[in-house]
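Enquirer:
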Amino acid sequence: MPKIKIEGGHKLTGTVTVSGAKNSVVALIPAAILCDETVTISNVPNITDVDDLENILVHLNAKINREDGKVEINSSDIVNKEITESLSKKLRASYYFMGALLGKFNKVDMYFPGGCAIGARPINLHLKGFELLGAKITEEDNHFIIEADKLKGNNIYLDFPSVGATINIMLAAVKAKGKTIIDNAAQEPEIVNIATFLNNMGAKIKGAGTSTITITGVKYLHSCFHEVIPDRIEAGTYLIIGALLGHNLKIDNMIPNHLEALIAKLTEAGVGMEIGLDNVIINEVKDYKSIEVKTLVYPGFPTDLQQVMTTFLTQCKGKSTVEETIYENRFQNIKELKKMGAKANIRKDNRKATIKGKTELHSADVIATDLRGGASLLVAALVAEGTSTIDNIAYILRGYDRIVEKLTQVGAKIEII
Ligand code: EPU
């Protein structure tokens with residue numbers, strides 16, 4: 002099995018260009034099948050989650066042409082058959098085919114999605130939304146058949162502003178009869194990106210980016226060209242790397258506004274940054290102050306940066322804390338970080354960790370436990386003295402576009418072995 006090998010301690014200089022957002026493109030691709038003509042999506046990152054979605058499209062007989070970060074999808078000849086368990090389980094975002102196929106054919110037949118084991122991750126809110134639109138759900142052993150005679154708009158209140166449920170309900174509702182109102186909707190930038198895509202095809206969605214989204218059903222969705230927004234989690238990961246090792250490191254093609262919470266926390270710790278319109282230039286500083294971090298839904302501190310932030314906190318002087326409010330099991334990386342010398346304790350309820358710094362991290366052979374946990378180890382290995390290896394790197398490659406090449410270009414000693 003391939004591993005990532007990293008010789009730590011090298012300063013990083015130059016420019017890292019941020020790719021298209023994983024959590025946007027993984028919804029845009031399933032959303033594309035709602036279109037009655039051909040759609041083109043650009044700024045598509047080269048990550049394995051996109052490969053897995055492509056396999057589902059091919060399985061459904063959609064035509065897909067993918068090259069140089071551009072994907073063309075035509076679903077005219079799509080066949081609405083069961084998405085097998087192995088295809089469904091490959092990734093979390095396979096669940097967007099529930100909303101998209103239900104919206105297009107009034108029926109979907111697939112299995113519970115996969116994804117990183119960072120918590121229970123139920124889909125009850127997605128299903129509740131589909132039911133309120135008129136669908137009937139039959140579930141047996143993680144196999145779902147969701148079907149409706151006709152989808153009809155309704156008022157849907159989400160008990161929690163779930164990203165996946167908000168997008169899935171939008172997908173099912175765009176062609177439903179009448180008006181759907183989602184209250185307590187998620188407000189992440191990815192939601193806005195998906196709504197813009199659907200509106201570019203002729204959908205009528207208002208309020209994306211706020212807690213109330215209104216969707217008025219339409220009959221036909223036409224061809225369009227759409228660009229994936231920059232990946233705020235990838236950008237945030239490189240910002241944290243820059244805070245630890247940057248010498249005028251420029252993180253380019255990002256939207257600083259999407260990372261206000263991270264930028265505020267790094268500033269509080271004493272990080273030096275020059276914030277431009279679509280870039281940030283960042284420099285390592287010698288001594289950082291300890292800080293308290295708490296994950297929240299957008300625009301709060303993103304859970305997807307919590308684990309990488311934990312690595313940063315090992316380099317802050319004093320006692321820092323990280324509280325995870327979104328997932329029940331997102332501290333698995335800490336056990337591995339400890340192999341590199343991190344001093345951290347996790348509270349019994351697994352919701353809060355205390356990190357003592359500053360620690361001189363040393364090299365170790367570690368295992369990625371999940372996507373962002375893997376990234377946190379990679380960042381630790383870049384900082385640590387000596388040569389480390391990271392196993393289970395499929396997790397990292399699922400969500401970070403050409404990470405080895407991008408880091409090599411700015412001076413890191415990193416390779417896949
Ligand atoms: N939840 C429920 N019921 C539901 C849906 C969610 O209880 O029906 C709970 C979840 O268990 C979790 C919380 O609500 O505790 C948040 O879940 P949400 O639905 O918002 O997350 P998601 O759609 O499953 C997406 C991203 C995640 C990211 C979250 C939060 C994709 C494919 N995944 O997941 O990305 O952490 O939103 O921003 O878009 C990652 O990139 O590493 C990643 C895990």
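Just so you know, the numbering used here puts the end of the sequence shown at 418, numbered straight through with nothing missing. Yeah, the Cβ is synthetic: ideal placement off N, Cα and C, and Gly gets one too.
1. Check the DSSP bridge columns for L415 and list the partner residues they point to.
2. Identify whether L369 lies in helix, strand or coil by the three-state DSSP scheme.
3. Would you say E189 touches the ligand EPU, meaning its beta carbon is less than 7 Å from a heavy atom?
4. How big is the Cα-Cα spacing for M274 and K290?
5. Spell out the partners DSSP gives M274 in its beta bridges.
6. For P114 versus Y96, is the C-beta spacing smaller than 8 Å?
7. Based on Cα-Cα distance, which residue from Y299, A385, L378 and V384 lies nearest to K4?
8. Identify, in the order they occur along the chain, each residue of the same chain with its Cβ nearer than 8 Å to the Cβ of K344, setting aside the five sequence neighbours on each side.
9. Do G15 and E386 count as a contact pair if the criterion is CB distance below 8 Å?
10. Take every Cβ of the stretch 179-196, pair it with every Cβ of the stretch 139-154, and state whether three or more of those distances are shorter than 8 Å.
11. Between the Cα of I214 and the Cα atoms of E189, I230, H223 and R233, which residue gives the shortest distance?
12. Alpha carbon to alpha carbon, what distance is there between A63 and K82?
13. From the DSSP output, which residues share a beta bridge with R67?
14. So is the beta-carbon of Y112 under 7 Å away from any non-hydrogen atom of the ligand EPU?
15. Note down the Cα distance separating D18 from F98, rounded to an integer number of angstroms.
16. Bridge partners for G374 per DSSP, in chain order?
17. Would you call R348 buried or exposed, if buried means 16 or more other Cβ atoms sit within 10 Å of its Cβ?
18. Confirm the yes/no value for this check: CB of S212, any heavy atom of the ligand EPU, distance under 7 Å.
19. Give a yes or no on whether the C-beta atoms belonging to K23 and D52 are separated by under 8 Å.
20. Assign N66 to buried or exposed, taking buried as 16 or more other Cβ atoms, counted over all protein chains shown, within 10 Å of its Cβ.
21. Would you list, in sequence order, the uninterrupted alpha helix (DSSP H) runs of no fewer than 4 residues that lie entirely inside the stretch 93-126?
22. So V219 and G104 are supposed to be a Cβ contact under 8 Å. How far apart are they, rounded?
23. Return yes when at least one heavy atom of the ligand EPU lies under 7 Å from the C-beta of F161, else no.
24. Going by the beta-carbon positions, is the gap between S389 and A395 smaller than 8 Å?
25. Quick one: using the 10 Å Cβ neighbour count with 16 as the cut-off for buried, is L297 buried or exposed?
Expert: Let's see:
1. With the sequence shown as reference, residue 415 is identified as Ile, and Leu is not the correct amino acid for it. According to DSSP, which records beta bridges pairwise, I415 is partnered with I7.
2. Reading off the sequence shown, one finds Ala at residue 369, where the question assumed Leu. In this structure, A369 counts as coil in the three-state DSSP scheme.
3. yes
4. 16 Å
5. I283
6. yes
7. L378
8. The answer, listed in chain order, is T315, I356, K357, G358 and T360.
9. no
10. yes
11. E189
12. 12 Å
13. V72
14. no
15. Checking the sequence shown, residue 18 turns out to be Thr, not Asp. C-alpha separation (whole angstroms): 30 Å.
16. None, per the DSSP bridge assignment.
17. It is exposed - the Cβ of R348 has fewer than 16 other Cβ atoms within 10 Å.
18. no
19. no
20. exposed
21. 97-106
22. Contact doesn't hold; Cβ gap of about 11 Å is too wide.
23. yes
24. no
25. exposed
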